[in-house]
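Structure first, commentary second.
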Amino acid sequence: MRERIQNKGVALIMALMVFALIAAVSATIMSQLARERSLISQLQETAILKQQLLGGEAWARATFTGMENSTLPSASEAPLILKKQSFNLDNEDDSMSVIMIDRQNCYNLNRLADEELSEQALQEVERLLTEIGLDKTLAEQLKDWVDADQNITGNTGHEDEFYQGLTPSFRTADSHFIAETELKLLQFTDKTITTLLSHFCFWPQDIGININRVSTQIIKSMLPGLDAAKESALLAQITTGGFSSLSDFINHDSVSGITLNEEDWRLDLALVDVFVDVTLGGRSMFLHSKLYKQDSGSVVSYYRAYGPNQQLQKWFGLTLKTTSK
Ligand SMILES: [Ca+2]
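In structure tokens, the structure reads:
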């Protein structure tokens, strides 16, 4: 009799242990499923945010395609920002903003990487740095960053041996600048980068500065042979309608006697940077794209960077973020 009771007790304990095991396994499976559901929903949210960002970029591409050079704001009114637009989305708390900035009226720092141009480019960069109130010796560091060799330029250039002494250490690019954030690697301060980006840019190819939206500082740096009277005459022409053809500019009285390279100039806008900020359901994502208008008139995106870019926007002096209405 006692033995049967003992057997029943053992069976009960075993049954309870099996139930406990099943419960534990079920709980683990449920928690794993919940984690997977949360991960899937995050991935879906990210995909929707990315689609929305690309929608903003598509709007900018269409706007750029239809942008006539004759209707661009004057450089004195808007030297940088070409278009700024906020969009209402389905939900009141969601938002999207797009900003387009001119990258054709600035000096292409990648000229420093061109072996044939590099001496001339170094002098142009030094002059422009001086014009905008920066130390002209920064030109040597900028040149070393992009030139293919490891020869230190001047007294203040930096090649690998300088950057490898930093923590963390890294090497020079020894090739074209691609992203503005590279300037931080050159150990420049935020203030210096802000000033640099107001007059300098990085182009994949040297395709000419838009003479009709150019700044006085760039004129002085690119055309150092201009005397004060000719400079005033040139600037007067630019601010009162500009030039309608490149030959009008090359043959203009104000630049007579000055050696001009026609390839350094153009009259239209081919390069624009776009910033898109999107907030959906309290989550924000950002896109920085670089657009190029081909000779055919179609616009392509040749660079895209997703991720927080508030610092970059600050360097450009932009205030895009519009999470509240
Ligand atoms: Ca180098």
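So for the sequence shown, the numbering used here puts the first residue at 47; every next one is plus one.
Ideal placement from N, C-alpha and C gives every residue a C-beta, glycine not left out.
Buried versus exposed, by CB contacts within 10 Å (16 or more), residue i
i	result
M268	buried
T369	Bear in mind that a pLDDT of 44 at T369, under 50, signals an unreliable position, so the number given afterwards is only what the model happens to contain. T369 should be labelled exposed.
A70	exposed
I59	exposed
I68	exposed
A106	buried
K54	exposed
A167	buried
I264	buried
Y348	exposed
K360	exposed
D136	exposed
S87	exposed
R173	buried
V322	buried
K371	For K371, the predicted structure reports a pLDDT of 38, less than 50, and the residue's modelled location is therefore unreliable. The matter cannot be settled from this model.
E309	exposed
E138	exposed
G102	buried
I284	buried
I75	exposed
D273	exposed
G287	exposed
D319	buried
Reference residue i; option with closest CA among the options
i	options	result
I257	K266, P250, Q251	K266
F248	N151, L280, Q52	N151
I255	S291, E186, L315	L315
T227	G271, H334, L174, S302	H334
L326	Q90, S72, E82	Q90
L317	L100, E277, N115	N115
K336	A61, R149, S143	R149
L99	P250, I145, S77, D181	I145
L180	M331, T305, D236, N355	D236
E177	Q283, F246, F133, A80	F246
Q357	R83, K230, L313, M63	K230
S132	S221, D190, D140	D140
N156	V64, K129, N134, W191	W191
N154	F234, A351, P250	P250
Y352	G363, V324, G328	V324
S261	S72, P125, S330	P125
N134	M142, I127, R350	M142
K339	S84, T92, A80, T109	T109
V289	D206, T199, P270, L313	Checking the sequence, you will find Phe at residue 289 rather than Val. If we check each option's Cα against that of F289, L313 comes out closest.
Continuous beta strand (DSSP E) stretch holding residue i: start and end
i	result
V171	V171 -> not in any beta strand (DSSP E); alpha helix (DSSP H) instead, spanning 164-177.
K360	No beta strand (DSSP E) contains K360, which is instead part of the alpha helix (DSSP H) from 356-361.
T131	The sequence as given places Gln at residue 131; Thr does not occur at that position. From DSSP, the beta strand (DSSP E) with Q131 extends over 127-134.
A378	In the structure displayed, the chain extends from 47 to 371; residue 378 sits before or after that span and is not available.
D148	141-148
N-terminal and C-terminal residue of the alpha helix (DSSP H) that residue i is part of
i	result
L231	228-231
L333	Where L333 is concerned, there is no enclosing alpha helix (DSSP H), although the beta strand (DSSP E) it sits in stretches over 329-339.
E207	206-209
Q187	184-192
Residue i at chain D interface by Cβ criterion, 8 Å
i	result
S132	Of the protein chains in this structure there is only one, and it is not chain D.
Worksheet item: In the stretch 244-320, which residue ranges form an unbroken alpha helix (DSSP H) of at least 4 residues, counting only runs that do not cross its ends?
Response: Here the runs fully enclosed are 262-268, 274-285, 292-296.
Worksheet item: How about the stretch 161-175 and the stretch 336-349: do they share at least three Cβ pairs that are nearer than 8 Å?
Response: By the criterion of at least three beta-carbon pairs nearer than 8 Å, the stretch 161-175 is not in contact with the stretch 336-349.
Worksheet item: Is it true that the stretch 205-216 meets the stretch 117-130, where meeting means three or more beta-carbon pairs spaced less than 8 Å apart?
Response: No: the two stretches stay apart, fewer than three of their Cβ pairs being nearer than 8 Å.
Fill in: Uninterrupted beta strand (DSSP E) stretches inside the stretch 68-118 (no shorter than 3 residues)
For the stretch 68-118, not a single whole beta strand (DSSP E) run of length 3 or above is found.
Worksheet item: Are there three or more Cβ pairs, one per stretch, closer than 8 Å when the stretch 225-244 is compared with the stretch 297-309?
Response: At 8 Å Cβ cutoff, the stretches do not touch.
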